[in-house]
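Colleague:
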Amino acid sequence: MGHPDLEVERARLEFARKCLEEMRSRTLAMADREELLAATEPDVEAVRYQLRKRAETLVAEGATLCFGRIDEERGDTWYVGRRHIDDPDGEPVVIDWRAPVAVPFYRATGADPLGLAGRRRYTFVHIGGMSELGDIYEEDFTDPDSLAGASGVPDPLLAELRRERTGQMRDIVATIQAEQDVVIRAPLHECLVVQGGPGTGKTAVGLHRAAFILYEHREQLARSGVLVIGPNSIFLDYIAQVLPSLGETSVTQATLDGLFGLRFRIGIDDPPARRALLGDPRWVGTISRAADAVIAPPAELTVRFRGRRVAIDAGTVAALLRDARARDTARRSQREWFRARIVREAYDRWTGGELLATSLDEFSAEVLAHKGSRAALDSAWRSLGAVALVRSLLTTKHALARAGGFDADERRVIGRRRFREGTAELWSAAELPLLDEAEAQLTGAIRVYGHVVVDEAQDHSPMALRVIGRRAARGSMTVLGDLAQTTGVAGTSDWREALVHLGAPPGARQVELTIGYRLPRAILDHANELLPVAAPHVTPARSARDEGDPPELLEAESIVDTAVARAHELRAEHATTAVIAPREHHAALRAGLGFIIDDSIAQPLSLLSPELAKGLEFDSVVVVDPDAILAVEPHGARLLYVALTRAVQHLTVVRGVNRPR
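The sequence shown begins at 10 in the working numbering and counts up by one.
1) How should isoleucine 248 be labelled, buried or exposed, when 16 other C-beta atoms within 10 angstroms of its C-beta is the threshold for buried?
2) Measuring only the C-alpha atoms, how far is aspartate 628 from arginine 575?
3) For a minimum of 3 consecutive residues, which ranges assigned as the beta strand (DSSP E) are wholly contained in the region 192-277?
4) Classify phenylalanine 347 as helix, strand or coil using the three-state DSSP reduction.
5) Just to confirm the assignment: which complete beta strand (DSSP E) runs, minimum length 3, are found wholly within the region 301-389?
6) Closest by CA to threonine 452, which one among Ala339, Ser368 and Leu393?
7) Excluding five sequence neighbours on each side, which residues of the same chain lie with their C-beta closer than 8 Å to the C-beta of arginine 383?
8) Let me check you understand the geometry: is the CB of arginine 227 closer than 8 Å to at least one non-hydrogen atom of the ligand NAP?
9) Taking the beta strand (DSSP E) that arginine 130 falls in, what are its first and last residues?
10) Buried or exposed: arginine 362, going by 16 or more other Cβ atoms within 10 Å of its Cβ?
11) May I ask you to list the residues that DSSP assigns as paired with leucine 142?
12) State the Cα-Cα distance for the pair histidine 510 and threonine 548, rounded to the nearest angstrom.
13) What residue does the alpha helix (DSSP H) around proline 541 start on, and which one ends it?
14) Can you tell which of Ile610, Thr86, Arg91 and Leu402 has its C-alpha closest to the C-alpha of cysteine 75?
15) Inspect the CB distances between the region 215-225 and the region 174-186 and report whether three or more fall short of 8 Å.
16) Quick one: what's got a C-beta closer than 8 Å to aspartate 95's C-beta in the same chain, skipping five residues either side?
17) Can you list, in chain order, the residues of its chain with a C-beta nearer than 6 Å to that of alanine 550? Leave out the 5 residues immediately preceding and following it.
18) Let me check one thing: in DSSP terms, what residues is glutamine 186 bridge-paired to?
19) Suppose contacts are defined by Cβ-Cβ distances below 9 Å. Is arginine 284 in contact with valine 498 by that definition?
20) If I follow the unbroken beta strand (DSSP E) through threonine 487, where does it start and stop?
21) Indicate whether the contact test is met: 3 or more Cβ pairs, each with one atom in the region 166-179 and one in the region 426-438, closer than 8 Å.
22) Check for me: the beta strand (DSSP E) holding glutamine 658 runs from which residue to which?
23) When you compare only the Cα positions, how much space is there between alanine 385 and isoleucine 304?
24) By DSSP's criteria, proline 101 is part of a beta bridge. Which residues make up the other side?
25) Does aspartate 418 come out as helix, strand or coil in the three-state DSSP assignment?
26) Relative to the C-alpha of phenylalanine 269, which residue among Val462, Gly500, Glu440 and His135 is closest?
27) Determine the direct distance from the alpha carbon of glutamate 81 to that of leucine 15, and round the result to whole angstroms.
28) Between the C-alpha atoms of serine 567 and threonine 501, what's the straight-line distance to the nearest angstrom?
29) Per DSSP, which one or two residues make a beta bridge with glycine 90?
30) Using the beta-carbon count (16 or more within 10 Å), is isoleucine 296 buried or exposed?
31) From serine 254 to leucine 223, what distance separates their C-alpha atoms?
32) Can you give me the start and stop residues for the beta strand (DSSP E) that proline 529 sits inside?
33) Report the rounded CA-to-CA distance for arginine 483 versus phenylalanine 221, giving the unit in angstroms.
34) Assuming the contact rule is C-beta atoms closer than 8 Å, valine 662 and proline 559 should be a hit. Round their C-beta distance to whole Å, please.
35) May I ask which residues mark the beginning and end of the beta strand (DSSP E) holding leucine 562?
36) Would you kindly work out how many angstroms separate the C-alpha atoms of arginine 527 and alanine 597, rounded to a whole number?
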């Protein structure tokens, strides 16, 4: 039997849906008005664009608009949902989950009800793409006995966790837990490192923090924007709908490589040893010294003006070079300042301190138009581009040796051939951060965002972390990861060290999520057995889900045949199934599974490597040949930990016969 107020609450939610439709109609009508209050035609079009964009967010499309209600002790009642909804008179029907008044919905407890007399959480049934209120979970804070769940309906969190996966991450706005809410509502200026084990919701927390910050600082972030960095395109596809479902459609989501757009073509696959060296923070000094190498103070610098030579002595030139380099700006700006000061010094010497008809601007224009004068200035400080600098360090033995930082053996691993003139220049993914570092040092022309969210941050090299850090205005970041899942050859094992490479943002702090909501206890406990080897310094996550099957451990003569057969069985039972296997098994698995596309989650049955499975979740998972995964150097135990923690309902592990456990 359902809650006695079920029909009343259904009527309220239907009223909210109609009010949302009316809000959308009013917004579209305003966009179509001829007499928009704008000064010029471009302004009118800009206003229309913003209004139509807002109208797009006012479409329910089967989403749950309201997921609960709070009754305050003082008598006010608030319905909490994805977005604020007004009635035609402007009165709130639903309040946005990010509003301050909604905080008790997520944080109130029997010990501290935060001014609430009661709270209702809704569970929904999903029929034909629409959501209908199924039942109500009632909590009466004036009656402690009711907090055990007197209505008898499932806890909405567990009901949500039992839902089948669709191949895309859903938002958690209806089921945010108190420890997650504290992180989500952290101030914009904070750099927050979120360490969390599998299933603790760190990815969702990071995305919801982005949504909260956009709500709190809409006008400011409309100019600077929010950037979300994921580990690969599969992961970005997986999380793509979370922020739009919360009404946020203007966030930039990219991989680290994607930050460079189409400027550089990736076509080099580095071996692990080279990737590790390319990610080493010693490159900061190496690039700086290479940039300094184009500065060569002459014995005397001479420019010409109207046929006369004006000489600047070596001491003055050296002093101006020192002053230029001491300026806290990029090299290009320093070089321009130095050239301007040299010209000013020449002007003062030419005029002898007397007031002449020729102005400094005229003098400067004529000097810089003279080929010989420009050559003299260039000889003191040559112009240098980021691409040319990095190309030289990677392809010219003596250039890297002169710049220092790496010994002869390391230079042999780093070095590669230059591409022939007339052919497309290709780069490796690990070389791109060097280009970004050089660009930052030489020109400072780097796009900066109001806030940056970076997921799976533990796998980024120091040089990659520098790319990310310099894109965050005033160090405003959400850094998400799990040190137990560090598998990158130049990844981090210490968040304090990672923060240094992110630019040492002031006031940075670390929080830890330790309660796993996604994985059943039996699966998480099985995976946690690897932690003493994989990451002994990491606190194991604890599962909040006592339900679920224990892992199914199979031994087989033919690992591939057994895995294929089991995957097809699980596919018939679950909405999403993944086969996670080492690359050497993919060809045989692909043949057995038939329609599978490697490294894709677009189908109900997916085939992935452990590296690309990171951050994803599936109803059921088949892990193939765990011993081969475990043997991968240097992070096999962590790769296996990743593979074992992707299933939310059922886990099967297929290993060879007589392999030691």
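All C-beta atoms, glycine included, are put in the ideal place defined by N, C-alpha and C.
Every value quoted in this text rests on a predicted model; they were computed, and no experiment measured them.
Modeller: Per the coordinate set shown:
1) buried
2) 14 Å
3) 200-205, 235-239, 261-264 and 274-277
4) helix
5) 309-314 and 317-322
6) Ala339
7) Leu377
8) The ligand NAP is not among the ligands present in this structure, which contains no ligands whatsoever.
9) 125-136
10) This sequence places glycine at residue 362; arginine is not what is there. Glycine 362 comes out exposed.
11) Phe133
12) 24 Å
13) 540-543
14) Arg91
15) yes
16) Cys28, Met32, Pro101 and Val102
17) Gly206, Thr209, Thr523 and Gly525
18) In DSSP, glutamine 186 forms no bridge with anything.
19) yes
20) 486-490
21) no
22) 656-665
23) 12 Å
24) Asp95
25) helix
26) Glu440
27) 20 Å
28) 37 Å
29) Cys75 and Asp105
30) buried
31) 14 Å
32) 524-529
33) 18 Å
34) Wrong, their Cβ atoms sit about 11 Å apart, outside the cutoff.
35) 561-565
36) 31 Å
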